[in-house]
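S.K.: Residue numbers (the working numbering), protein chains in the order written: chain A, 1 to 279; chain B, 280 to 432. Glycine included, each C-beta is placed from N, C-alpha and C at the ideal position.
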Amino acid sequence: MMSGLSDPMVPRVARVVRRWYETPYTWTIEIESEPPGTDAAFEAGQFNMLYAFGIGEIPISVSSDPAATRRLQHTIRAVGSVSAALARLQPGEAIGLRGPFGTGWPLESAAGRDVIIVAGGLGLAPLRPAIYRVLAERRRYGKVSVLYGARSPDDILFRRELARWRENRALNVEVTVDHATDAWRGNVGAVTMLISRATFDPTDCIAMVCGPEIMMRYAIAALTEVGLPDDAIYLSMERNMKCAIGFCGHCQFGPTFVCKDGPVFRHDRLRNLMQLEEI
Amino acid sequence: MEGLERIIREHRFFAGLDEGFCQLVCGCAKNVRFEEGQYLFREGDPADWFYLIRHGRVALAVMMPGRGSITFQTVGVGEIAGVSWLVPPYRWTYDAKALELTRAIAMDAGCLRDKCEQDHDLGYEVMKRFVPILVERLQATRLQILDVYGGTS
Numbered sequence: 001m002m003s004g005l006s007d008p009m010v011p012r013v014a015r016v017v018r019r020w021y022e023t024p025y026t027w028t029i030e031i032e033s034e035p036p037g038t039d040a041a042f043e044a045g046q047f048n049m050l051y052a053f054g055i056g057e058i059p060i061s062v063s064s065d066p067a068a069t070r071r072l073q074h075t076i077r078a079v080g081s082v083s084a085a086l087a088r089l090q091p092g093e094a095i096g097l098r099g100p101f102g103t104g105w106p107l108e109s110a111a112g113r114d115v116i117i118v119a120g121g122l123g124l125a126p127l128r129p130a131i132y133r134v135l136a137e138r139r140r141y142g143k144v145s146v147l148y149g150a151r152s153p154d155d156i157l158f159r160r161e162l163a164r165w166r167e168n169r170a171l172n173v174e175v176t177v178d179h180a181t182d183a184w185r186g187n188v189g190a191v192t193m194l195i196s197r198a199t200f201d202p203t204d205c206i207a208m209v210c211g212p213e214i215m216m217r218y219a220i221a222a223l224t225e226v227g228l229p230d231d232a233i234y235l236s237m238e239r240n241m242k243c244a245i246g247f248c249g250h251c252q253f254g255p256t257f258v259c260k261d262g263p264v265f266r267h268d269r270l271r272n273l274m275q276l277e278e279i
Numbered sequence: 280m281e282g283l284e285r286i287i288r289e290h291r292f293f294a295g296l297d298e299g300f301c302q303l304v305c306g307c308a309k310n311v312r313f314e315e316g317q318y319l320f321r322e323g324d325p326a327d328w329f330y331l332i333r334h335g336r337v338a339l340a341v342m343m344p345g346r347g348s349i350t351f352q353t354v355g356v357g358e359i360a361g362v363s364w365l366v367p368p369y370r371w372t373y374d375a376k377a378l379e380l381t382r383a384i385a386m387d388a389g390c391l392r393d394k395c396e397q398d399h400d401l402g403y404e405v406m407k408r409f410v411p412i413l414v415e416r417l418q419a420t421r422l423q424i425l426d427v428y429g430g431t432s
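1) Once DSSP output is grouped into helix, strand and coil, what is the label at M1 of chain A?
2) So, is S432 of chain B buried or exposed, given that buried needs 16 or more other C-beta atoms within 10 angstroms?
3) Exposed or buried, M1 of chain A, counting other C-beta atoms within 10 Å across all chains shown (16 or more means buried)?
4) Give me the chain A residues within the contact set of T350 of chain B, using Cβ-Cβ distance strictly less than 7 Å, ordered along the chain.
5) Just how far apart, CA to CA, sit R217 of chain A and F253 of chain A?
6) State the DSSP-derived secondary structure class of F42 of chain A, mapped to helix, strand or coil.
7) N310 of chain B: buried (16+ other C-beta within 10 angstroms of its C-beta) or exposed?
8) Going by the C-beta, is H399 of chain B closer than 7 Å to any heavy atom of the ligand ATP?
9) Contact between the region 31-38 of chain A and the region 14-22 of chain A: three or more CB pairs below 8 Å?
10) Closer than 8 Å by beta-carbon distance: list the chain A residues that pair up with R427 of chain B, in chain order.
11) Starting from the C-beta of D324 of chain B, find all residues in its chain whose C-beta is less than 6 Å away, skip the five residues before and the five after it, and write them out in chain order.
12) Using 8 Å as the cut-off, can you tell me whether the region 102-113 of chain A makes contact with the region 162-173 of chain A, which would need three or more C-beta pairs spanning the two stretches below that distance?
13) By DSSP's criteria, G120 of chain A is part of a beta bridge. Which residues make up the other side?
14) Compare the C-alpha of Y148 of chain A against each of A:P126, A:G262, A:P35 and name the closest.
15) Could you tell me which uninterrupted beta strand (DSSP E) segments, each at least 3 residues in length, are contained entirely in the region 171-242 of chain A, listed from first to last along the chain?
16) Specify the secondary structure class of A375 of chain B as computed by DSSP and reduced to three states.
17) Along the region 354-367 of chain B, what residues have a CB closer than 7 Å to any CB found in chain A?
18) Kindly confirm or deny that the region 282-296 of chain B and the region 365-379 of chain B touch, where touching means at least three C-beta pairs closer than 8 Å.
19) When we look at the beta-carbon of Y21 of chain A and count the other beta-carbons within 10 Å, is it buried (16 or more) or exposed?
20) Under the assumption that S348 of chain B contacts A360 of chain B (Cβ atoms under 8 Å), give the Cβ distance between them as a whole number of angstroms.
21) For Q275 of chain A, which of helix, strand or coil comes out of DSSP?
22) With C-beta atoms as the reference, is L380 of chain B less than 8 Å away from A190 of chain A?
23) Are T23 of chain A and L157 of chain A close, meaning C-beta to C-beta below 8 Å?
24) Measure the CB-CB distance between A119 of chain A and C210 of chain A and report whether it falls below 8 Å.
25) Decide if I424 of chain B is buried, meaning its Cβ has at least 16 other Cβ atoms within 10 Å, or exposed.
26) Got a sec: is the Cβ-Cβ distance from Y218 of chain A to anything in chain B below 8 Å?
27) Could one say the Cβ of M208 of chain A lies closer than 8 Å to chain B's Cβ atoms, at least one of them?
28) Quick check: is the beta carbon of Q397 of chain B nearer than 8 Å to any beta carbon in chain E?
29) Our contact map puts P8 of chain A next to R98 of chain A with C-beta atoms below 8 Å; I'd like the distance itself, whole angstroms only.
30) Going by the CB atoms, is the gap between F257 of chain A and M237 of chain A shorter than 8 Å?
31) Interface residues of chain A around Q423 of chain B at Cβ under 8 Å?
32) In or out: K260 of chain A buried (at least 16 other Cβ within 10 Å) or exposed?
33) Below 8 Å on C-beta distance, what does G347 of chain B contact in chain A?
34) Where do the N-terminal and C-terminal ends of the alpha helix (DSSP H) with G104 of chain A fall, by residue?
35) Hey, would you say R133 of chain A sits closer than 8 Å to P66 of chain A, going by beta carbons?
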């Protein structure tokens, strides 16, 4: 799904309104398209192509609430030249923006059912818009669990929000870390271990999973183990997206293009692809 | 005993256990409680008991010289603390400490080992319940070792 722009390959100008530190090397930037107040509606799970002028363009999921359509947040880990440049941007500086692109999380299909959200590392960012939507219409859903795994306590994203969500009891929020510190009093262990502890009806539940691919494979195995069928598990995939509209083929994943057929896929579409090498 | 049998049946580990087996298992069980900070067991001690957690959370940790106690896993409600009782030399290879008030069923490991030896059907039933836990922990450990998230260092 693309925005209403006539040419989806031409970026529009947006300006950084705010930026803040999330974890070491990870920042969230809030941007606003020019002229200020321009509507930039998106679906939870979609991504934008962000262009650091003179350096390059990369796909970044929108991490803010889809109800707030004028200012968009993107959470960026500075791991390469473009992401580092984006993470360094200061309020008032300009970037190029294309999008939103791709498929969203199945919030309509999940209505009336239990929801289990499994996120690992930076994978919480693309799921955060879905969590906002579930919270906004909490009565439409059954039991909702957010299971989040991070490398260490210092690497936990959206720490205050997680604490707030946990406190208001509208969601069952469990956070675990792979490597604990002395001060950490929470769960320790892989995020997949939280799946068997969560309370949900596997026969009437939708799972939304995002994180490193290997983590997602283990999460799928754990979800399958507790009885979720393939068609109830949704994943957000990451590939080398360039054009974002299915023309260039850089993000081809078997018979699909991650940019336009995804990034959110139902697992039964990917089941036979996820174990393949070099794909 | 009836109360204990009900509690054991309600625990995820023994859910659906055959009536006769349940009575055998109950003969090795007792209710226990640990305050925050109290150890369930310490590394190197004989693995005489293991624990079915009913309430609370337990840290499994190893002591590393110069770094203190490093927690590598936590276990909570419906889970098991202690698997070293299954295999010789029946000694704990890590510490287990209550992170909060923890209630558990303590199983006398020697008693259960003897009953499993005498009744291999019971032994097989117990193994069928323990092996998936071992596999789940092995897979989770693999994920931890792979350090899949990237991060600060």
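M.R.: Working from what's here:
1) The predicted position of M1 of chain A is uncertain, since its pLDDT is 47 and thus under 50; a value taken from the coordinates is nonetheless stated next. M1 of chain A falls in the coil class under three-state DSSP.
2) Any reading at S432 of chain B needs caution, since the residue's pLDDT is 42, under 50, leaving its predicted position unreliable; the model's value is listed next. Exposed, because fewer than 16 other Cβ atoms sit within 10 Å of the Cβ of S432 of chain B.
3) Low confidence applies to M1 of chain A: its pLDDT is 47, below 50, so where it sits in the model is not reliable, and the reading given next is rough at best. That one is exposed.
4) A180, V188
5) 16 Å
6) coil
7) exposed
8) Only the bare structure without any ligand can be found here, which leaves the ligand ATP out of the picture.
9) yes
10) The displayed chain sequence assigns Val, not Arg, to residue 427 of chain B. Per Cβ cutoff of 8 Å: G120, G121, G211, P212, I214, M215.
11) W371
12) no
13) A:G149
14) A:P126
15) 172-177, 205-210, 233-236
16) strand
17) G355, G357
18) no
19) exposed
20) Contact doesn't hold; Cβ gap of about 16 Å is too wide.
21) coil
22) no
23) yes
24) yes
25) exposed
26) yes
27) no
28) Structure shown: chain E not included; protein chains present are A and B.
29) 6 Å
30) no
31) D178, H179, G189, A190
32) buried
33) D182
34) Looking at the DSSP string, G104 of chain A is not in any alpha helix (DSSP H), and its letter there is neither H nor E.
35) yes
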